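Some notes on the structure that comes next.
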Amino acid sequence: MTLLSYSNSQKVLFVDDEVLVMEGIKRQLRKGFDITVAEGGEAALIILAKEGPFAVVIADYNMPGMDGIAFLNEVYQRFPQTILVMLTGRAELNIAVNAFNNAHITRFLNKPCSREVLKETLTEGLEQYRLRVSEKLLQAQLQQANQQLNQLNSQLESLVEQKTHALQFQYHYVANMAQMTSSTAIIQALVRAVSQLTDLYDISLWLSPHLDGQFSCYYPTDSGLPSFSAKTCVDGVIAKLIHDKQVVQRNVLIAPVLNAFEAVLFLGLPFMLVPLQCKQGVLGLLNISGDKTKLESDVLEAIIGMADITATALQSRWHREASDDAQDAIINALAKLSEYRDPETGLHLLRLKIYSELICRILSDTDKYRDIVTPEFTEDLVRSSPLHDIGKVGIPDAILKKPGRLTPDEFEIMKTHAQIGGDTLRSVYEQYPSQSFIKCGMEVAYGHHEKWNGEGYPLGLKGEGIPLVARILSLVDVYDAITTRRVYKSPFTREQAKNIIIEGNGSHFDPDIVSAFLTNEDEFYKIAEKYADVVESEEYFHAELYTSSTDSEFSSS
Numbered sequence: 010m011t012l013l014s015y016s017n018s019q020k021v022l023f024v025d026d027e028v029l030v031m032e033g034i035k036r037q038l039r040k041g042f043d044i045t046v047a048e049g050g051e052a053a054l055i056i057l058a059k060e061g062p063f064a065v066v067i068a069d070y071n072m073p074g075m076d077g078i079a080f081l082n083e084v085y086q087r088f089p090q091t092i093l094v095m096l097t098g099r100a101e102l103n104i105a106v107n108a109f110n111n112a113h114i115t116r117f118l119n120k121p122c123s124r125e126v127l128k129e130t131l132t133e134g135l136e137q138y139r140l141r142v143s144e145k146l147l148q149a150q151l152q153q154a155n156q157q158l159n160q161l162n163s164q165l166e167s168l169v170e171q172k173t174h175a176l177q178f179q180y181h182y183v184a185n186m187a188q189m190t191s192s193t194a195i196i197q198a199l200v201r202a203v204s205q206l207t208d209l210y211d212i213s214l215w216l217s218p219h220l221d222g223q224f225s226c227y228y229p230t231d232s233g234l235p236s237f238s239a240k241t242c243v244d245g246v247i248a249k250l251i252h253d254k255q256v257v258q259r260n261v262l263i264a265p266v267l268n269a270f271e272a273v274l275f276l277g278l279p280f281m282l283v284p285l286q287c288k289q290g291v292l293g294l295l296n297i298s299g300d301k302t303k304l305e306s307d308v309l310e311a312i313i314g315m316a317d318i319t320a321t322a323l324q325s326r327w328h329r330e331a332s333d334d335a336q337d338a339i340i341n342a343l344a345k346l347s348e349y350r351d352p353e354t355g356l357h358l359l360r361l362k363i364y365s366e367l368i369c370r371i372l373s374d375t376d377k378y379r380d381i382v383t384p385e386f387t388e389d390l391v392r393s394s395p396l397h398d399i400g401k402v403g404i405p406d407a408i409l410k411k412p413g414r415l416t417p418d419e420f421e422i423m424k425t426h427a428q429i430g431g432d433t434l435r436s437v438y439e440q441y442p443s444q445s446f447i448k449c450g451m452e453v454a455y456g457h458h459e460k461w462n463g464e465g466y467p468l469g470l471k472g473e474g475i476p477l478v479a480r481i482l483s484l485v486d487v488y489d490a491i492t493t494r495r496v497y498k499s500p501f502t503r504e505q506a507k508n509i510i511i512e513g514n515g516s517h518f519d520p521d522i523v524s525a526f527l528t529n530e531d532e533f534y535k536i537a538e539k540y541a542d543v544v545e546s547e548e549y550f551h552a553e554l555y556t557s558s559t560d561s562e563f564s565s566s
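Quick note, the sequence shown lines up with residues 10 to 566 if you use this note's numbering.
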């Protein structure tokens, strides 16, 4: 089956053992979507074999015979581009984790599910499917272009040096696009490549990521220029370019003259406008300024080609970044399972992310950690930090929600949350060792209560035997606990919090992490103030009645 046949699919398959539910869904959505229903996983696989591929497959979890996870995993093996969604009435942690890792789902829906949510899910799923297939097509095109260019290399000796340079430049640009890890890197690569080809450096790039005609200046990032809407754009060169999707050069710009609005979009003497196009329309405007009067045809073709490649790469990268955001949302949702059972956490997860990123930024500027605390290290820690207390789902409510001081036996039970959380994430990491942020989350869950002097728990690790991510999280978790208002205590003052961290230097905390904290302690304080939890006055009033008998020790946070 060709990729083209994949790209043409707009079909949706619903799989459930409740026939009436499926028929009801089909009736509700049949006007807007091409829906097929199947009773159970085995029947659905037969339909997929005969009528596939489907763009979106939505399956119930609890089905006789083949359950939803096994079924969706089988669909993924056969049709990896298909968007998979789990629909179930059992919103349990182990099911969510299992579905996320073993069924390759992009969304988890609870029964009953409203028509609006289903419609939104299907609309987004069809678009994600189109982008997935488009990315595969792009990769195939890049591979074909690579093969063609390799063949051309043996024939290019007779061509002029300039043409050779432009072709090779475009080839390297295409190859580099596949290695770009962020939309920002793609934008910078385009501007850099155009400057190298044209020797012009006054370049601005305006993009409309949502393809809604709303353009903002993405380069230079500090332009301060306001966004504009193509729908209200004054008639002129820009409006014509967006409509015609054709490159405009200076000889065309001379008449008519740019109006005042259009002139602002350039950083100097206008030379050229190049549209970044996609199937849905103009994604961006590449505006080049300078005193050139003409470009060689091969250079112009290279710029147009790079603009088209960039448009596709940006769409793909934005989709991936949105997918990363969706993964982060799932991580936070899983972390919230423990947060909902522990009412003291509040904005705890957000603050930990910000504190962790701040520590990493400081460490990355030091000789000792420059090659260790990389952007990837920081991203993994920030993404996985919400999972540090996920083991609390295994702690009884009577202990987790107890407002007073824990007994020694209760505290021993509370301490097991680190082992529970680490073991849970270890089982996930062993199945998916390529997911570095899961490994990071495992190390954080296990080690955020370890101490530098070896007197922590659950493993009693000591010094640099404790993973660096856990040493960082250990300090910021304690700092957050002592600076946060709880129902049974007021936050410690800034000086008290600072002194507690200093007192723990070399015993509780890694001296390097303490040094990083003290380097920018004022920023920590500002973050604590900005994102402070709000405790309702009545709740706090009642809490004051038993403050004297509560546990103010931060180590059990």
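Glycine residues also receive a C-beta, built at the ideal position from the N, C-alpha and C atoms. In this text the structure is predicted, and so the values were computed from the model without any measurement.
For Gln428, which residues of its own chain have a beta-carbon under 8 Å away from its beta-carbon, when the five flanking residues on both sides are left out? Gly400, Tyr455, Pro467
Start-to-end residues for the beta strand (DSSP E) that takes in Glu48: 43 to 48
Just to confirm before moving on: does the CB-CB distance between Ala37 and Arg124 stay below 7 Å? In the sequence as displayed, the identity of residue 37 is Gln instead of Ala. Their beta carbons are under 7 Å apart, which means Gln37 touches Arg124 by this criterion.
Taking all protein chains shown into account, do 16 or more other C-beta atoms lie within 10 angstroms of the C-beta of Lys410, making it buried, or fewer, making it exposed? exposed
Extract the residue ranges of the alpha helix (DSSP H) inside the stretch 377 to 427, only unbroken runs of 4 or more that lie entirely within it. 384 to 393, 406 to 409
Decide if His517 is buried, meaning its Cβ has at least 16 other Cβ atoms within 10 Å, or exposed. buried
The beta strand (DSSP E) enclosing Arg116, as first and last residue numbers: 116 to 119
Helix, strand or coil: which one does DSSP assign to Val261? Legend: pLDDT at Val261 = 49, less than 50; position of this residue unreliable, value from coordinates given subsequently. In this structure, Val261 counts as helix in the three-state DSSP scheme.
Separation of Ile195 from Ala490, as counted between CA atoms: 40 Å
Which value, in whole angstroms, describes the spacing of the CA atoms of Arg326 and Ile404? 40 Å
Can you give me the start and stop residues for the beta strand (DSSP E) that Lys20 sits inside? 20 to 25
Okay, do the stretch 269 to 276 and the stretch 305 to 314 touch, 3+ Cβ pairs below 8 Å being the bar? no
Report the rounded CA-to-CA distance for Leu147 versus Ile447, giving the unit in angstroms. 30 Å
So, is Glu385 buried or exposed, given that buried needs 16 or more other C-beta atoms within 10 angstroms? exposed
Close Cβ partners of Ile56 (< 6 Å) along its chain, the five nearest in sequence each way excluded: Ala47
Between the CA atoms of Ala187 and Gln152 - distance to the nearest angstrom: 11 Å
Residues near Asn296 by beta carbon distance below 6 Å, same chain, minus five either side: Ser213, Leu274, Phe275, Leu282
Alpha carbon of Tyr534 to alpha carbon of Gln255, nearest angstrom: 53 Å
Would you give the residue range spanned by the beta strand (DSSP E) that Ser213 belongs to? 211 to 216
I'd like the span of the beta strand (DSSP E) that includes Ile67, first residue to last. 65 to 69
Within this structure, are the beta carbons of Phe63 and Leu22 separated by less than 7 Å? yes
Mark Gly469 as exposed unless 16 or more other C-beta atoms lie within 10 angstroms of its C-beta, in which case mark it buried. exposed
Would you call Ala442 buried or exposed, if buried means 16 or more other Cβ atoms sit within 10 Å of its Cβ? The sequence given here places Pro at residue 442; Ala does not occur at that position. Its Cβ having fewer than 16 others within 10 Å, Pro442 is exposed.
Residue range of the beta strand (DSSP E) that includes Ile297: 290 to 298
For the stretch 417 to 433 and the stretch 477 to 495, state whether three or more C-beta atom pairs, one from each stretch, are separated by less than 8 Å. no
Boundaries of the beta strand (DSSP E) in which Ser225 is found, first to last residue: 223 to 228
Rounded straight-line distance, which links the Cα of Val142 to that of Lys278: A small fix is needed here, since residue 278 is Leu in this sequence, not Lys. Cα-Cα distance, rounded: 41 Å.
Between which residues of its own chain and Tyr438 is the CB-CB distance below 6 Å, once the five residues before and five after are set aside? Ile447, Lys448, Met451
Of the residues Ala202, Glu330, Pro284, which one's Cα is nearest the Cα of Phe224? Pro284
Do Val453 and Ser499 have their beta-carbon atoms positioned less than 7 Å apart in this structure? no
Figure out for me which residue from Tyr364, Gly413, Phe420 has the closest Cα to the Cα of Pro395. Tyr364
N- and C-terminal bounds of the beta strand (DSSP E) containing Met281: 279 to 287
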